[in-house]
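Scroll down for the structure; my scribbles are underneath it.
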Amino acid sequence: MRKEHNEYGSGTSFLAIVTEGSFLHAARQLHVAQSTVSNRIQQLEHEFNATLFIRNRAGAKLTPAGRRFIPHARRWASVIEKAHQDIGMEDEHETSS
């Protein structure tokens with residue numbers, strides 16, 4: 001598994017919470033501290049001036065803004081993954097030449 005980079009860690013953290021249902025389980029999936037996931041989501045919420053999750057002991061529930069952000073986060077993650085693939089392939093060709 002590739003280590004997450006800060007540039008897109010917020011988007012992948014968001015999607016992990018959506019998938020896993022809690023900040024703790026998302027952190028475990030991503031192999032980062034729960035505080036890292038919390039900080040990333042706080043940054044997103046600050047950026048968009050919107051609450052994305054309602055947090056409670058049972059986990060995290062999406063707000064309407066959070067639900068609207070899902071397709072954007074998925075596109076974001078897809079673009080970053082594609083960039084890594086393209087750049088990685090380019091680097092392999094350059095070093096083998």
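When the letters of the sequence shown are read in order and numbered with full-length UniProt numbering, they come out as residues 1 to 97. Glycine is no exception: its CB is placed at the ideal position from the N, C-alpha and C atoms.
Residues bridged to residue 54 [DSSP beta-bridge criterion]: 61
Under 9 Å between C-beta atoms of residue 41 and residue 13: For residue 41 and residue 13, yes; Cβs fall inside 9 Å.
CA-to-CA distance, residue 59 to residue 27, given in whole angstroms: Rounded to the nearest angstrom, the two C-alpha atoms are 12 Å apart.
Identify the continuous alpha helix (DSSP H) that holds residue 37 and give its terminal residues. 34 to 48
Where the alpha helix (DSSP H) through residue 31 begins and ends: No alpha helix (DSSP H) contains residue 31, which DSSP labels as neither H nor E.
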